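Engineer: First, the structure itself, so that you have it in front of you.
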Amino acid sequence: MIPAIPNSKQPNYSTYLRERKGRRAMASCLSPSSTKLIARLLLVVVLLALAPHGSRSQSQSQSRGGIAIYWGQNGNEGTLAQTCATGNYAFVNIAFLCSFGSGQSTPQLNLAGHCDPYSNACTNLSADITFCQSKGVKVMLSIGGGAGGYSLDSQQDALQLAQYIWNNFLGGHSQRRPLGDAVLDGVDFDIEGGNPDHYGALAAYLKSYGNAKGKKKVYLSAAPQCPFPDQWVGKALDTGLFDYVWVQFYNNPPCHGFIPVDSLKSQVLPAINNSTKYGGVMLWSKFYDDQDGYSSAIKNSV
1 MIPAIPNSKQ PNYSTYLRER KGRRAMASCL SPSSTKLIAR LLLVVVLLAL APHGSRSQSQ
61 SQSRGGIAIY WGQNGNEGTL AQTCATGNYA FVNIAFLCSF GSGQSTPQLN LAGHCDPYSN
121 ACTNLSADIT FCQSKGVKVM LSIGGGAGGY SLDSQQDALQ LAQYIWNNFL GGHSQRRPLG
181 DAVLDGVDFD IEGGNPDHYG ALAAYLKSYG NAKGKKKVYL SAAPQCPFPD QWVGKALDTG
241 LFDYVWVQFY NNPPCHGFIP VDSLKSQVLP AINNSTKYGG VMLWSKFYDD QDGYSSAIKN
301 SV
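So the sequence shown is residues 1 to 302, counted in UniProt numbering.
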């Protein structure tokens, strides 16, 4: 039985950072306006939930943050296993499940030039997912994206999507799992359009499935944009159910720009990484990270 959605409460977050380049991919779920190759945008502060208030303890201060990356929207970014084999990333968000809700019978996964999930061509990713997890990398399914047909117009839409995700990507069972039998670690909410009212219900359903006896925990992350509260996931974040939050300090003037590696390491990270709200750095995307080696340049400072 699915529990009631918890009362709204202010979540207790830890901080992450996110860096993102202009989006470009083949047959992807990215918005047409963002398909041009443009200068990399501002590093984005990301929040990690469930940390205690106050300054970091000595043991906390000695622990480093991690780097998260989006993978899936460019066929030239290498395989998922190659992504995890770099040793650079703590999280990989598989992007995107970008068509769902509004009465659609089956949500649609789009992995651009990598493979076609609905001709059963992506099930070999199961081995890549388990490889990543063996390296300690959390692999998440990212829903939404900058384009695509998605909207949760009712709590029933939220329930149906939760059931589909649980049975096809998480700890449930389905005869036709798009990524094979591997069980992902959680779900990332990169919601940039549609009805904002029912993502809190989706989060509650997913968490309840993972909290059932004998089931694998379901981690939740979100990518709200710079204006606060976020137009699409602000209400969902009020539930306090999210483990990680990567805030998009880009796409919305004046929250966009580029932070060079040296400035990040010498000015930004020292100012925030002793906070209980710090979690690391998140990058868009693996393809663009390959172009300039940003993650390799910062990983020892994160």
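Virtual Cβ for every residue (Gly too), placed ideally from N, Cα, C. In this text, all values refer to a predicted model and were calculated from it rather than measured experimentally.
In or out: K138 buried (at least 16 other Cβ within 10 Å) or exposed?
Structural biologist: Here the question's residue 138 lines up with position 138 in the sequence shown. Buried: at least 16 other Cβ atoms inside 10 Å.
Engineer: State yes or no: is the C-beta of N88 within less than 8 angstroms of the C-beta of K299?
Structural biologist: Counted from its first residue, the sequence shown places residue 88 at position 88. Counted from its first residue, the sequence shown places residue 299 at position 299. Taking 8 angstroms as the Cβ cut-off, N88 and K299 qualify as a contacting pair.
Engineer: On a CA-only basis, which of A158, G172, A236, L202 is nearest K215? Give me that one, please.
Structural biologist: To locate residue 215, count along the sequence shown from 1; it is residue 215. The residue with the shortest Cα to Cα distance from K215 is G172.
Engineer: Count the other CB atoms, across all protein chains shown, that sit within 10 Å of the CB of R176; report buried if there are 16 or more and exposed otherwise.
Structural biologist: For the purposes of this step, residue 176 is identified with residue 176 of the sequence shown, where counting begins at 1. Counting every other CB atom within 10 Å of its CB across the protein chains shown gives R176 a total below 16, marking it as exposed.
Engineer: How do the region 111–121 and the region 160–170 stand: do at least 3 beta-carbon pairs fall below 8 angstroms, yes or no?
Structural biologist: no
Engineer: So the candidates are G280, C255, N252, T276; which of them puts its Cα closest to the Cα of residue 303?
Structural biologist: Given that the chain is displayed from residue 1 to residue 302, the structure contains no residue 303 and the question cannot be resolved.
Engineer: So, L202 versus A162, is the Cβ gap smaller than 8 angstroms?
Structural biologist: By one-based count along the sequence shown, residue 202 stands at place 202. By one-based count along the sequence shown, residue 162 stands at place 162. Going by beta carbons, L202 and A162 fall inside the 8 angstroms limit.
Engineer: For Q248, which option in S263, T239, W232, D262 has the closest C-alpha, if you only look at C-alpha atoms?
Structural biologist: Residue 248 sits at position 248 when you count from the first residue of the sequence shown. If we check each option's Cα against that of Q248, W232 comes out closest.
Engineer: Quick check on S105: buried or exposed, where buried means 16 or more other Cβ atoms within 10 Å of its Cβ?
Structural biologist: Residue 105 sits at position 105 when you count from the first residue of the sequence shown. So S105 ends up on the exposed side.
Engineer: Taking the CB atoms as reference points, tell me whether F287 and N74 lie closer together than 8 angstroms.
Structural biologist: Reading the sequence shown from its first residue, position 287 is the one you call residue 287. Reading the sequence shown from its first residue, position 74 is the one you call residue 74. A contact, by the Cβ cut-off of 8 angstroms.
Engineer: So, helix, strand or coil for Q82, using DSSP?
Structural biologist: By one-based count along the sequence shown, residue 82 stands at place 82. Here Q82 carries a helix assignment [DSSP, helix/strand/coil].
Engineer: For D190, which beta-bridge partners are listed by DSSP?
Structural biologist: Your numbering for residue 190 matches position 190 in the sequence shown. The partner list for D190 (beta bridge, DSSP) reads G144.
Engineer: In or out: A212 buried (at least 16 other Cβ within 10 Å) or exposed?
Structural biologist: Counted from its first residue, the sequence shown places residue 212 at position 212. Exposed is the call here.
Engineer: In whole angstroms, give me the CA-to-CA distance for S86 and D289.
Structural biologist: Indexing the sequence shown from 1 puts residue 86 at position 86. Indexing the sequence shown from 1 puts residue 289 at position 289. The question names Ser, but residue 86 is Thr in the sequence shown. Each residue's Cα considered, the two are about 12 angstroms apart.
Engineer: Given a cut-off of 8 angstroms on the beta-carbon distance, is the pair A223 and G200 in contact?
Structural biologist: As a working mapping, residue 223 is identified with position 223 in the sequence shown. As a working mapping, residue 200 is identified with position 200 in the sequence shown. G200 is positioned such that its CB atom lies no closer than 8 angstroms to that of A223.
Engineer: Work out the CA separation of N120 and P178 for me, nearest whole Å.
Structural biologist: In the sequence shown, counting from the first residue as 1, residue 178 sits at position 178. In the sequence shown, counting from the first residue as 1, residue 120 sits at position 120. P178 and N120 have their C-alpha atoms some 7 angstroms from each other.
Engineer: In chain order, what residues of the same chain lie with their CB nearer than 6 angstroms to the CB of F100, ignoring the 5 residues before and after it?
Structural biologist: Looking up residue 100 in the sequence shown gives position 100. P107, Y150, L161, listed in sequence order.
Engineer: Identify the residues that DSSP records as bridge partners of A95: which are they?
Structural biologist: For the purposes of this step, residue 95 is taken as the residue at position 95 of the sequence shown. Note: A95 sits in a beta bridge opposite S142.
Engineer: Taking the C-alpha atoms as reference points, what is the distance between G136 and A95?
Structural biologist: By 1-based counting over the sequence shown, the position of residue 136 is 136. By 1-based counting over the sequence shown, the position of residue 95 is 95. Distance between the alpha carbons of G136 and A95: 20 angstroms.
Engineer: So I143 and L97 are supposed to be a Cβ contact under 8 angstroms. How far apart are they, rounded?
Structural biologist: What you label residue 143 is simply residue 143 of the sequence shown in a count that begins at 1. What you label residue 97 is simply residue 97 of the sequence shown in a count that begins at 1. About 4 angstroms; that satisfies the 8 angstroms criterion.
Engineer: Compute the beta-carbon to beta-carbon distance between C122 and C84, rounded to the nearest angstrom, for a pair I have assumed lies under 8 angstroms.
Structural biologist: Counting from one through the sequence shown, the residue named residue 122 turns up at place 122. Counting from one through the sequence shown, the residue named residue 84 turns up at place 84. The distance from the Cβ of C122 to that of C84 is about 16 angstroms, inconsistent with a contact at the 8 angstroms cut-off.
Engineer: Beta-carbon within less than 7 angstroms of I191's beta-carbon, same chain only, minus the 5 sequence neighbours each way: which residues are those?
Structural biologist: The residue given as residue 191 occupies position 191 in the sequence shown. So the list reads G144, Y199, W232, V233, once near-sequence residues are dropped.
Engineer: Quick one: grab the DSSP three-state call for Q108.
Structural biologist: Residue 108 sits at position 108 when you count from the first residue of the sequence shown. Q108: strand per DSSP, three-state reduction.
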